[in-house]
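Please read the structure below before turning to the comments.
Protein chains in written order, with our numbering: chain A, 97 to 770; chain B, 97 to 770.
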């Protein structure tokens with residue numbers, strides 16, 4: 097390690113810069129300014145500090161690097177290519193085009209070496225906090241005296257925009273509370289955002305803010321100086337008692353004679369002329385775009401040999417660990433692979449059957465605890481609502497310094513950071529995270545839930561207090577549009593169980609669904625156990641919808657319900673039969689997504705196309721239910737905001753009643769009988 | 097004004113406390129802890145500083161008081177009742193019950209004296225920032241030497257939870273940048289949140305953070321001490337160069353012998369025994385719940401005489417102002433009333449017709465500017481995306497200190513605070529605020545948009561880059577589920593215009609819709625001007641949906657489209673006719689909400705019930721379109737995340753094409769023709 101900028105350094109940095117602006121220029125779209133300004137900082141990190149193995153981006157003990165400023169993607173792709181990841185120059189040449197590994201913003205799964213999908217600002221920062229938490233947690237659980245097999249850092253590059261988002265404040269405050277000393281954040285402080293100088297909207301003292309959060313703040317240093325950045329990183333790594341923020345003063349569009357230091361360099365190509373002038377000013381000798389000097393490539397590709405060495409060393413140490421701690425080694429490997437322990441489903445047998453009406457949040461909490469007893473990777477918490485969401489793991493303690501071995505995370509009143517941190521936990525691997533809050537506060541965390549779905553992360557979101565059943569807290573706390581909001585996110589599995597048995601099945605499904613996030617939607621209020629004597633078992637929840645009550649003759653009408661409204665539909669079916677000789681099938685439909693994934697044959701068995709008389713019952717917006725009941729079906733729901741009053745009263749006042757269902761069904765059947 | 101706690105003070109404070117806990121106890125639901133702890137602070141503010149008139153909660157120059165910690169609602173209702181607002185003891189007795197003015201959380205419109213609906217944490221704080229901005233802006237525009245007719249403060253009470261939310265960080269950072277010296281925030285620092293001590297998740301140095309934001313930080317002071325709070329408020333008011341945070345150390349559940357200082361006092365009634373014991377410990381002599389000592393009531397009802405005096409004085413000053421500045425006086429009155437100036441609609445004639453394909457964001461930007469020229473109350477900005485969202489008012493400057501006269505607000509990369517601040521601007525009155533960002537980032541501001549709808553505020557949300565048409569930025573920036581998300585919010589009017597003419601109509605509708613928020617959804621990419629030779633004029637946008645193309649014979653099929661997809665549907669209709677002798681009606685449906693509000697006769701004229709062959713085309717989720725196309729209609733849309741590639745290519749790859757529409761329509765028609 098050297099402490100001054102060599103010619104080699106300069107050449108490598110300029111190679112990163114020119115490669116990035118050439119990519120943007122070729123795409124005629126993208127962000128040249130941040131790569132030009134931040135290339136030196138990130139080069140120093142990658143060249144001098146980052147422990148990684150380009151040949152194996154999945155090596156578990158690698159350092160994580162998160163580009164929170166995802167718009168600087170060309171910078172990351174340049175580094176990945178130059179250090180020898182499985183991305184080709186052709187990808188950079190076709191930056192932002194269909195089929196390229198160099199997408200507009202970094203995307204997990206598309207590009208080897210990309211640790212998380214970034215672009216929406218603040219998310220990468222909070223993901224990094226989650227990754228650093230996962231590292232501490234696995235280290236606490238698996239490292240043994242003489243065996244540091246989990247032993248890495250999390251680095252993150254953030255922009256001014258990242259630090260303006262409230263999300264990053266939430267995550268930074270929690271990172272300070274948790275004293276995440278292996279988290280090092282490089283702040284590309286260039287004083288420019290899209291609308292111009294940050295002085296128009298962002299005059300705060302960032303250093304002071306992070307110091308107040310309990311961080312070590314280093315700098316400002318000259319982010320264009322290899323030695324200053326190197327010294328700052330050395331300093332940050334020397335103090336593991338708290339997270340570090342390194343403030344690097346840089347120049348957006350550095351090198352561009354006409355655009356450097358201005359918003360014009362941010363979000364569009366420099367243009368051919370300015371690209372040429374920029375290269376000239378950088379002292380770049382090559383006219384041909386995408387030129388990579390052999391010397392620079394050789395220097396940076398040395399990362400492969402270093403990486404192979406690191407991994408080999410770690411493998412040796414892991415072999416020694418395995419000899420001494422074979423069970424732990426096997427467990428760690430399995431947890432990192434995301435595979436559940438054998439027999440995990442049997443854990444759910446431990447959930448006692450509900451003998452009296454029970455809130456689904458209560459049963460779900462018991463299911464979580466049953467699973468937690470045998471699935472050590474399960475950890476999570478709530479945004480200061482654990483006593484209400486029932487998501488505490490009873491036989492564990494808080495995840496907190498200095499031990500970091502607890503499984504209950506105290507996120508504070510920070511829903512957005514909670515979800516984004518859970519994404520980071522899942523991204524790191526070795527953790528199956530869950531996050532809980534009231535359903536109405538899903539709104540505070542939507543961007544992170546969307547990213548969980550986009551990335552296909554195994555994160556479990558637990559939303560309780562799922563309707564006007566919330567009662568007295570009133571309309572601010574009563575979700576109306578939120579179940580649909582969840583259903584609208586591609587790739588998110590939404591489950592709203594109807595009773596205790598379905599609540600257990602919801603957790604079973606969420607655990608098994610490792611290909612993407614699951615949202616479990618639960619009641620505050622008690623609901624009766626469903627009489628399944630004339631229907632399918634609750635395990636059919638896995639099919640999304642099933643006949644929970646079949647009348648003794650061909651049905652005249654189908655009542656489709658979810659969650660707490662299934663018992664209303666069941667009661668209505670009884671009454672329809674008793675009072676009107678009407679045969680009603682009741683379908684419990686806890687999950688639209690699971691149902692849509694069934695073969696057509698099954699779907700048509702549950703909802704026969706010939707039977708048009710259909711009523712839906714759900715204590716939320718009716719918008720969207722036409723998918724199953726058709727234009728002429730009847731949707732019982734609530735299409736306005738709620739009120740402050742006891743929940744049972746609201747169900748009555750707003751017509752979410754057996755009577756409403758009976759009337760709707762009767763009028764449909766009458767319409768047919770003529 | 098005295099500077100020490102008198103017996104009268106103690107009696108009043110205990111009256112507030114006992115009234116609050118009696119209300120919670122009567123409801124058997126609610127939050128006793130915060131009212132017990134914060135009663136003294138808020139009493140001092142209301143008794144010694146707050147300029148308000150209980151007889152006229154709409155008096156424009158009143159100080160604003162925002163209870164950001166909305167769960168402490170009983171405290172606010174107690175103060176409102178005791179100072180003589182139009183709320184009865186009966187309301188407190190029926191706290192949190194159907195029909196009571198004392199709802200679970202404070203609700204605008206329900207309870208005189210409630211300035212904003214609070215409960216979701218952080219929102220009240222950001223609303224208060226917006227109110228303080230509105231005050232500065234109106235003062236800048238209307239005050240004249242010797243005439244301070246806009247001259248008030250904004251006070252806000254926040255809890256630990258409020259300050260943990262990222263939203264409050266965003267708003268506080270902006271308030272510091274804007275040097276809002278008339279904003280005074282009282283922080284009820286009791287060290288407890290629902291999960292227990294704040295030490296488990298919130299160890300940051302709040303004072304340091306706010307100092308870093310550029311605030312004056314006072315305290316910690318003893319929040320239970322009248323004199324300390326009084327001195328702190330005096331100090332805060334003495335410095336108008338920056339906003340103030342007064343940190344008040346308090347005890348949650350103060351007075352409760354068994355629950356004070358613990359989370360147990362937070363969110364549920366103390367219980368009858370503990371209520372009795374608490375009263376005893378407070379030295380309260382009265383056994384009967386809801387007892388209000390005459391002396392306390394008289395003392396606090398003095399607020400009415402003070403208020404009448406303040407208002408009378410202001411009216412005198414306003415009369416003098418009117419004599420000297422009659423036009424300004426009339427304008428200010430009109431703007432405060434929310435009424436638009438005569439002839440405002442004619443301003444839109446100034447928008448030049450689009451002669452070439454134009455992005456709807458561009459035309460909408462012109463419509464905004466045309467309106468701004470004649471509607472001075474219109475002000476707003478974007479979350480650092482103004483050059484892209486085209487929402488700058490060209491002939492104005494930034495809203496910034498010291499002048500505060502500009503109409504362009506630089507919100508920074510803070511979508512959530514932007515929306516919540518706009519709510520505050522609208523709540524204050526005198527401003528019609530707009531907020532803009534990319535549609536995908538609606539996710540960052542959902543809680544505030546929901547509250548705008550719940551409160552019925554005249555806020556205009558402008559969302560551009562509304563589909564995969566965004567192109568190269570990729571899936572993180574391409575909204576899929578967001579138009580549907582907007583439609584799901586009760587009370588929100590969503591408009592997705594199809595071309596330049598509809599974009600102008602969208603702004604017309606949004607301006608006229610003073611009863612609630614409107615979201616205008618706009619393209620990044622150019623769209624052609626629609627050929628209206630065989631259809632209704634664009635002014636029919638006000639009806640939500642209209643026939644934009646009628647074939648020359650009875651239609652075989654209806655194509656329903658919104659926004660950029662209307663031109664695809666039109667082209668498909670031409671092709672269906674040319675190639676397949678199929679007559680297709682094209683319906684432009686820019687707004688579901690406006691359409692649903694039309695008489696059934698009109699709706700059935702546009703979408704005749706007999707015509708089941710229907711195709712919808714919208715570059716977003718198909719979920720919900722069954723409402724208009726039925727179970728057997730065809731929805732052309734996109735139900736998965738997007739990709740990084742040029743927008744036109746994505747439309748092709750994902751089948752949002754004329755060809756797809758033609759095929760879908762043909763197969764439906766063939767199905768009928770057999």
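Virtual Cβ for every residue (Gly too), placed ideally from N, Cα, C.
Because the structure is a prediction, the values reported are computed rather than measured.
is_contact[residue 580 of chain B, chain A] using C-beta, thresh 9 Å:
Locating residue 580 of chain B in the second chain gives position 484, counting from the first residue. Yes, contact with chain A.
Should residue 389 of chain B and residue 373 of chain B be called a contact, given that it needs their Cβ atoms to be closer than 9 Å?
For the purposes of this step, residue 389 of chain B is taken as residue 293 along the second chain, with counting starting at 1. For the purposes of this step, residue 373 of chain B is taken as residue 277 along the second chain, with counting starting at 1. No. Outside cutoff.
Cβ atoms of residue 106 of chain A and residue 349 of chain A: under 9 Å apart, would you say?
For the purposes of this step, residue 349 of chain A is taken as residue 253 along the first chain, with counting starting at 1. For the purposes of this step, residue 106 of chain A is taken as residue 10 along the first chain, with counting starting at 1. No, Cβ-Cβ distance for residue 349 of chain A and residue 106 of chain A is not below 9 Å.
Backbone secondary structure at residue 580 of chain B - three-state DSSP:
Residue mapping note: residue 580 of chain B aligns to position 484 of the second chain, counting from 1. DSSP places residue 580 of chain B in helix when its eight states are reduced to three.
Distance CB(residue 174 of chain B)-CB(residue 128 of chain B) smaller than 9 Å
Within the second chain, numbered from 1, the residue matching residue 174 of chain B stands at position 78. Within the second chain, numbered from 1, the residue matching residue 128 of chain B stands at position 32. Taking 9 Å as the Cβ cut-off, residue 174 of chain B and residue 128 of chain B do not qualify as a contacting pair.
Between the alpha carbons of residue 541 of chain B and residue 680 of chain A, how many angstroms are there, rounded?
Working through the second chain from its first residue, we reach residue 541 of chain B at position 445. Working through the first chain from its first residue, we reach residue 680 of chain A at position 584. Those two C-alpha atoms are separated by around 42 Å.
So, does the CB of residue 272 of chain B fall closer than 9 Å to a CB anywhere in chain A?
As a position in the second chain, residue 272 of chain B is number 176, starting the count at 1. It does; some Cβ of chain A falls within 9 Å.
Mark residue 485 of chain A as exposed unless 16 or more other C-beta atoms lie within 10 angstroms of its C-beta, in which case mark it buried.
For the purposes of this step, residue 485 of chain A is taken as residue 389 along the first chain, with counting starting at 1. Buried.
Secondary structure of residue 673 of chain A, DSSP reduced to three states
Within the first chain, residue 673 of chain A is the residue found at index 577, counting from 1. If DSSP states are grouped into helix, strand and coil, residue 673 of chain A belongs with the helices.
Just the Cα atoms here: how many angstroms apart are residue 498 of chain B and residue 555 of chain B?
As a first step, residue 498 of chain B is located in the second chain; it is residue number 402 there, counting from the start. As a first step, residue 555 of chain B is located in the second chain; it is residue number 459 there, counting from the start. The alpha-carbon atoms of residue 498 of chain B and residue 555 of chain B are separated by roughly 26 Å.
Selected residue, minimal CA-CA separation from residue 147 of chain A, among A/626, A/333, A/301
In the first chain, residue 147 of chain A corresponds to position 51, counting from 1. Residue A/333 is the option with its Cα nearest to residue 147 of chain A.
Out of curiosity, what's the CA-to-CA distance linking residue 295 of chain B and residue 272 of chain A?
As a first step, residue 295 of chain B must be located in the second chain, where it is residue number 199. As a first step, residue 272 of chain A must be located in the first chain, where it is residue number 176. Cα to Cα, residue 295 of chain B sits roughly 12 Å from residue 272 of chain A.
To the nearest angstrom, how far is it from the Cα of residue 338 of chain B to the Cα of residue 307 of chain B?
Against the second chain, residue 338 of chain B aligns to sequence position 242. Against the second chain, residue 307 of chain B aligns to sequence position 211. Their backbone Cα atoms lie some 10 Å apart in a straight line.
Exposed unless 16 or more other CB atoms sit within 10 angstroms - verdict on residue 97 of chain A
Position 1 of the first chain, counting from 1, holds the residue named residue 97 of chain A. Bear in mind that the predicted position of residue 97 of chain A carries a pLDDT of just 41, short of 50, making it too unreliable to give a figure here.
In the DSSP assignment, find the unbroken alpha helix (DSSP H) run with residue 724 of chain B in it and report its ends.
Sequence index remark: in the second chain, residue 724 of chain B carries index 628 (1-based). Start and end: 722 to 725.
What number of angstroms, rounded off, separates the C-alpha of residue 701 of chain B from the C-alpha of residue 642 of chain B?
Your numbering for residue 701 of chain B matches position 605 in the second chain. Your numbering for residue 642 of chain B matches position 546 in the second chain. Rounded to the nearest angstrom, the two C-alpha atoms are 9 Å apart.
Indicate whether at least one CB of chain A lies closer than 9 Å to the CB of residue 105 of chain B.
Translated into positions along the second chain, residue 105 of chain B becomes position 9. No, residue 105 of chain B does not count as interfacial toward chain A.
What first and last residue would you give for the beta strand (DSSP E) that runs through residue 279 of chain A?
As a position in the first chain, residue 279 of chain A is number 183, starting the count at 1. From DSSP, the beta strand (DSSP E) with residue 279 of chain A extends over 279 to 285.
Contact set for residue 468 of chain B: own chain, Cβ-Cβ below 6 Å, skip 5 residues either direction
Taking the second chain and counting its residues from 1, the one referred to as residue 468 of chain B is at position 372. Excluding residues within five positions, the ones whose Cβ falls inside 6 Å are 474, 489.
I'd like to confirm the pairing. Which residues does DSSP put opposite residue 529 of chain A in its beta bridges?
Start at 1 with the first residue of the first chain, and residue 529 of chain A comes out as number 433. Its beta-bridge partners are A/475.
Determine the closest residue to residue 739 of chain A out of B/181, B/150, B/137, B/194, with distance taken between C-alpha atoms.
Indexing the first chain from 1 puts residue 739 of chain A at position 643. The option with the nearest alpha carbon to residue 739 of chain A is B/194.
Determine, for residue 501 of chain B, whether the minimum Cβ-Cβ distance to residues of chain A falls below 9 Å.
Taking the second chain and counting its residues from 1, the one referred to as residue 501 of chain B is at position 405. It does not: the Cβ of residue 501 of chain B has no partner Cβ on chain A nearer than 9 Å.
Out of B/159, B/690, B/675, which one is the CA nearest neighbour of residue 605 of chain B?
Numbered from 1 along the second chain, position 509 holds the residue referred to as residue 605 of chain B. Residue B/690 is the option with its Cα nearest to residue 605 of chain B.
Measuring only between beta-carbons, confirm whether residue 299 of chain B sits less than 9 Å from chain A.
Reading the second chain from its first residue, position 203 is the one you call residue 299 of chain B. Output row for residue 299 of chain B: interface = yes.
Just to make sure I have the definition right: I need the residues of chain B whose C-beta is within less than 7 Å of the C-beta of residue 213 of chain A. Which are they?
If you number the first chain from 1, residue 213 of chain A lands on position 117. Residues of chain B passing the Cβ test: 572.
Does residue 121 of chain B get closer than 9 Å to chain A when you measure Cβ to Cβ?
Here residue 121 of chain B refers to the residue found at position 25 when the second chain is read from its first residue. Judged by the 9 Å Cβ criterion, residue 121 of chain B is not in contact with chain A.
Under the three-state reduction of DSSP, which class applies to residue 543 of chain B: helix, strand or coil?
Here residue 543 of chain B refers to the residue found at position 447 when the second chain is read from its first residue. Correct three-state label for residue 543 of chain B: helix.
Measure the alpha-carbon distance for residue 545 of chain B versus residue 515 of chain B and round it to whole angstroms.
Counting from 1 along the second chain, the entry for residue 545 of chain B is found at position 449. Counting from 1 along the second chain, the entry for residue 515 of chain B is found at position 419. In a straight line, the C-alpha of residue 545 of chain B is about 7 Å away from that of residue 515 of chain B.
Residue 322 of chain B versus B/336, B/344, B/303, B/578, residue with shortest Cα-Cα distance:
The count along the second chain starts at 1 and reaches residue 322 of chain B at position 226. The option with the nearest alpha carbon to residue 322 of chain B is B/344.
What are the uninterrupted segments assigned as alpha helix (DSSP H) that are 4 or more residues long and contained completely in the segment 163 to 193 of chain A, given in chain order?
169 to 179, 185 to 189
Which of the three DSSP states is assigned to residue 810 of chain B in this structure?
With chain B represented from 97 up to 770, any question about residue 810 of chain B goes unanswered, as that position is not in the structure.
By Cβ distance below 6 Å, which residues in the same chain neighbour residue 721 of chain A in space, the five residues on each side in sequence not counted?
Position 625 of the first chain holds residue 721 of chain A. Closer than 6 Å at Cβ, skipping near neighbours: 712, 731.
Thinking C-beta only, is residue 209 of chain B closer than 9 Å to residue 150 of chain B?
As a first step, residue 150 of chain B must be located in the second chain, where it is residue number 54. As a first step, residue 209 of chain B must be located in the second chain, where it is residue number 113. Cβ distance < 9 Å, so residue 150 of chain B and residue 209 of chain B count as in contact.
Please check the pair residue 250 of chain A and residue 397 of chain A, which I expect to be a contact at CB under 8 Å, by giving their CB distance rounded to whole angstroms.
Here residue 250 of chain A corresponds to residue number 154 of the first chain, with the count starting at 1. Here residue 397 of chain A corresponds to residue number 301 of the first chain, with the count starting at 1. So it is not a contact: roughly 24 Å between Cβ atoms.
Contact between the segment 615 to 625 of chain B and the segment 586 to 602 of chain B is defined here as three or more beta-carbon pairs at a separation below 8 Å; is this criterion met?
yes
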